[in-house]
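Going line by line, the protein sequences match chains A and B.
In terms of the numbering used here, the first sequence opens at residue 8 and continues consecutively.
In terms of the numbering used here, the second sequence opens at residue 8 and continues consecutively.
There are 2 protein chains.
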Amino acid sequence: MGSPYGFELVENCLICKLRSDSFFCSLPKGALEAFDKMKYTASYPAGAVLFVEGQAPRGIYMLCKGRVKLSTTSAEGKTLILKIAQPGEVLGMHATVSGTPYEITAETGQPCQLNFVKRDDFSNFLQKHGDACLKAAQHLSKDCQTAYQQIRSLGLSHSAPERLARLLLEWTASSPEQAEPKVKLALTHEEIAQIIGTSRETVTRVLADFRKRQIAVLKGSTLTVRNKGVLEKLVGA
Amino acid sequence: MGSPYGFELVENCLICKLRSDSFFCSLPKGALEAFDKMKYTASYPAGAVLFVEGQAPRGIYMLCKGRVKLSTTSAEGKTLILKIAQPGEVLGMHATVSGTPYEITAETGQPCQLNFVKRDDFSNFLQKHGDACLKAAQHLSKDCQTAYQQIRSLGLSHSAPERLARLLLEWTASSPEQAEPKVKLALTHEEIAQIIGTSRETVTRVLADFRKRQIAVLKGSTLTVRNKGVLEKLVGA
DNA sequence: CCTGCCGCGTGACCCACATCACAAGCACGC
DNA sequence: GCGTGCTTGTGATGTGGGTCACGCGGCAGG
């Protein structure tokens, strides 16, 4: 067995060490065994498209390792990034559970390991295992919440600097408490623009402004927040 | 027993005729009986606030009859309407399932009948009744999907006319197929503005423009779409 | 009746940001 | 090396629509 993208595949969910408590697959033994039996493990290179909006749902993808970009695209080709999925999340669950077409597009942003489960298998699985179903409901709830957060960000803030400030705070929120939080992220200005719904040039300009005013610096793929207070004032908190 | 707001309360879920297949409470007998036992039925006048964003979740509200406005408000007092909930929907499920504060505000738009279920009771209920849990997951999925739709509308379209056109099409989509679809809705220009994330004046102007161009007319609370084709072209479809 | 109040209609102003256009920096593979 | 492609930086320009300001009509209550 090779390791095509620089890491070993974990084939067996029961002994998997990638999993943490927040993972969807953090399940009691019985459910986990059932999940292990019906899943198809695979690894993907960066830039692989898992599913496209509008497709009929084939099933779910459990993200074990790596990041996946979730986005929608308008008819004119403008793209909006909904979120960057982290390990432990389940992709395509809405469509699979409700039987409607995938409403978003999922594309790996780096080499990833994913477990695919066919739609019917997943439905049966949820039917049989109440604890898994509850877990699924919780994950869906969280998705809704982040969606609502993004709606707030898009609908309730007027200025691009405000939205960018909110995004930077969001990113640093999970990082350890420290004077000047640093976050690693591999996103281009273009992608940041697609998250906050603005243009690439505006992101560049606002970041330059933040840098000049000693608020935050994005150098390479490292973000350093110099003055959290000002950011918080910008978002109106 | 009186009927305070012009309709009779249906106290017993088992013989309720308000329910249709799409209702959350369209459940097999066992689950329905359990639901009936733990719910508290009540009616509310128009304008009643069921819960406010930021509150700790008390439980869920099953909407039997009437419409409920779901919204968020920014620190500066700007309001964004997320959706108008229809009978059959469950309000506050995200917060209740995940245990996080209500992230939105729910306010009745007309006299309503609602069934309240306490948080712990609802959790136990979902644990015990797998079919109800699955149904809950489906409802959460649908919520996510409408949220994503709104994100698309807010993030991917530049012009206010485009967003308004999309909204009008959405409203008429469910109405019977006919040459000039008419829809009843009781929303002020202000509220429409809050749905599509623009200002009241802009809504007035765009509606005036639509009227002049014979595209759609909003008179009183009746919306008549005169030229669906133009609307569809406006949204870029 | 007059007086508020609220939803609607409209004009004037102006600024944030999209858009276009182009240059410079940086990483590749050959 | 040198080209090719992508990302970043920055200036000039145009405009959509937010905001303010005010007038009008309808409706309820004193």
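Don't be surprised by glycine CBs; every beta carbon is placed ideally from N, CA and C.
Values in this document were obtained by computation on a predicted structure and should not be read as measured data.
Exercise. Just to confirm, are Tyr51 (chain B) and Phe123 (chain B) a CB contact at a threshold of 7 Å?
Worked result: On the second sequence, position 44 is the one that residue 51 (chain B) refers to. On the second sequence, position 116 is the one that residue 123 (chain B) refers to. Cβ atoms of Tyr51 (chain B) and Phe123 (chain B): not closer than 7 Å.
Exercise. Hey, out of B:Ser164, B:Glu184 and B:Arg233, whose CA is closest to Phe217 (chain B)'s CA?
Worked result: Position 210 of the second sequence, counted from the first residue, corresponds to residue 217 (chain B). Comparing Cα-Cα distances from Phe217 (chain B) to each of B:Ser164, B:Glu184 and B:Arg233, the minimum goes to B:Arg233.
Exercise. If you check the beta carbons only, do Gln117 (chain B) and Lys72 (chain B) fall under 7 Å apart?
Worked result: Looking up residue 117 (chain B) in the second sequence gives position 110. Looking up residue 72 (chain B) in the second sequence gives position 65. Their beta carbons are not under 7 Å apart, which means Gln117 (chain B) does not touch Lys72 (chain B) by this criterion.
Problem set entry | Inter-residue Cα distance where the pair is Leu34 (chain A) and Lys90 (chain A) | Counting from 1 along the first sequence, the entry for residue 34 (chain A) is found at position 27. Counting from 1 along the first sequence, the entry for residue 90 (chain A) is found at position 83. Cα to Cα, Leu34 (chain A) sits roughly 25 Å from Lys90 (chain A).
Problem set entry | Nearest to Asp43 (chain B) (by Cα), restricted to the options B:Leu25, B:Glu18 and B:Leu57 | Numbered from 1 along the second sequence, position 36 holds the residue referred to as residue 43 (chain B). Comparing Cα-Cα distances from Asp43 (chain B) to each of B:Leu25, B:Glu18 and B:Leu57, the minimum goes to B:Glu18.
For this session: Kindly indicate if chain B contains any beta-carbon less than 7 Å away from that of Glu110 (chain A).
Result: Locating residue 110 (chain A) in the first sequence gives position 103, counting from the first residue. Closer than 7 Å to some Cβ of chain B, the Cβ of Glu110 (chain A) qualifies, so yes.
Exercise. On the three-state DSSP scale, how would you describe Asn19 (chain B)?
Worked result: Looking up residue 19 (chain B) in the second sequence gives position 12. In the structure shown, Asn19 (chain B) sits in coil (DSSP, three-state: anything other than H, G, I, E or B).
For this session: Figure out for me which residue from A:Lys135, A:Glu169 and A:Ala113 has the closest Cα to the Cα of Gly37 (chain A).
Result: Against the first sequence, residue 37 (chain A) aligns to sequence position 30. Checked all of A:Lys135, A:Glu169 and A:Ala113; the closest Cα to Gly37 (chain A) is A:Lys135.
For this session: Please check the pair Ile248 (chain A) and Gln201 (chain A), which I expect to be a contact at CB under 8 Å, by giving their CB distance rounded to whole angstroms.
Result: This structure cannot settle anything about residue 248 (chain A), because the visible part of chain A is limited to 8 through 244.
Exercise. Nearest-angstrom Cα distance between Lys125 (chain B) and Leu174 (chain A)?
Worked result: Taking the first residue of the second sequence as 1, we reach residue 125 (chain B) at position 118. Taking the first residue of the first sequence as 1, we reach residue 174 (chain A) at position 167. Distance between the alpha carbons of Lys125 (chain B) and Leu174 (chain A): 35 Å.
Exercise. Is Val246 (chain B) helix, strand or coil when you go by DSSP?
Worked result: This structure cannot speak to residue 246 (chain B), because chain B is shown only from 8 to 244.
Problem set entry | Best match in B:Thr231, B:Lys226, B:Ile222 and B:Thr229 for proximity to Val237 (chain B) [C-alpha to C-alpha] | Start at 1 with the first residue of the second sequence, and residue 237 (chain B) comes out as number 230. Taking only the C-alpha atoms, the option nearest Val237 (chain B) is B:Ile222.
Problem set entry | chain A contacts made by the segment 64 to 82 of chain B, where a contact means CB separation under 7 Å | Thr79, Ser81 and Ala82
For this session: List the residues of chain B whose Cβ lies closer than 8 Å to the Cβ of Ile199 (chain A), in chain order.
Result: Residue 199 (chain A) sits at position 192 when you count from the first residue of the first sequence. In chain order: nothing, as chain B lies at least about 13 Å away.
For this session: Identify, in the order they occur along the chain, each residue of the same chain with its Cβ nearer than 7 Å to the Cβ of Leu194 (chain A), setting aside the five sequence neighbours on each side.
Result: To locate residue 194 (chain A), count along the first sequence from 1; it is residue 187. Here Leu194 (chain A) has no same chain residue with a Cβ atom under 7 Å from its own Cβ, once five neighbours each way along the sequence are excluded.
Exercise. Cβ of Gly95 (chain B) within 7 Å of Cβ of Phe30 (chain B)?
Worked result: Here residue 95 (chain B) refers to the residue found at position 88 of the second sequence. Here residue 30 (chain B) refers to the residue found at position 23 of the second sequence. The answer is yes: Cβ separation under 7 Å.
Exercise. Between the segment 84 to 98 of chain A and chain B, which residues of the former have a C-beta closer than 7 Å to a C-beta of the latter?
Worked result: Of all residues in the segment 84 to 98 of chain A, Lys85, Leu87 and Leu89 have a Cβ within less than 7 Å of some Cβ in chain B.
Problem set entry | Any chain A beta carbon closer than 7 Å to Val124 (chain B) | On the second sequence, residue 124 (chain B) is found 117 positions in, with the first residue counted as 1. Taking Cβ atoms only, chain A never reaches closer than 7 Å to Val124 (chain B), which makes this a no.
For this session: Give the DSSP-derived three-state secondary structure of Val213 (chain B) in the structure shown.
Result: Counted from its first residue, the second sequence places residue 213 (chain B) at position 206. Three-state result, Val213 (chain B): helix.
For this session: Would you list, in chain order, the members of the segment 131 to 159 of chain B that have their beta-carbon closer than 7 Å to a beta-carbon of chain A?
Result: Leu133, Gln134, Gly137, Cys140, Leu141, Ala143, Ala144, Gln145, Leu147, Ser148, Lys149, Asp150, Cys151, Gln152, Ala154, Tyr155, Gln157, Ile158 and Arg159
Exercise. Distance, Cα to Cα, Ser206 (chain B) vs Glu198 (chain B)?
Worked result: To locate residue 206 (chain B), count along the second sequence from 1; it is residue 199. To locate residue 198 (chain B), count along the second sequence from 1; it is residue 191. Whole-angstrom Cα-Cα distance: 9 Å.
Exercise. Closer than 7 Å, CB to CB, is Gly243 (chain B) near chain A or not?
Worked result: In the second sequence, residue 243 (chain B) corresponds to position 236, counting from 1. Cβ-Cβ to chain A under 7 Å: yes for Gly243 (chain B).
Problem set entry | Cut-off 6 Å between Cβ atoms - residues of its own chain near Arg220 (chain B), not counting five sequence neighbours on either side | Translated into the one-based positions of the second sequence, residue 220 (chain B) becomes position 213. Same-chain partners within the cutoff: there are none.
Exercise. Between Gln145 (chain A) and Ser105 (chain B), which are expected to be in contact by the criterion C-beta below 8 Å, what is the C-beta distance as a whole number of angstroms?
Worked result: Numbered from 1 along the first sequence, position 138 holds the residue referred to as residue 145 (chain A). Numbered from 1 along the second sequence, position 98 holds the residue referred to as residue 105 (chain B). Gln145 (chain A) to Ser105 (chain B), Cβ: 5 Å. Contact.
Exercise. What do you get for Thr229 (chain B), buried or exposed, if any count of 16 or more other CB atoms within 10 angstroms of its CB means buried?
Worked result: Here residue 229 (chain B) is taken as the residue at index 222 of the second sequence, counted from 1. Taking all protein chains shown into account, Thr229 (chain B) has fewer than 16 neighbouring C-beta atoms within 10 Å of its C-beta and is therefore exposed.
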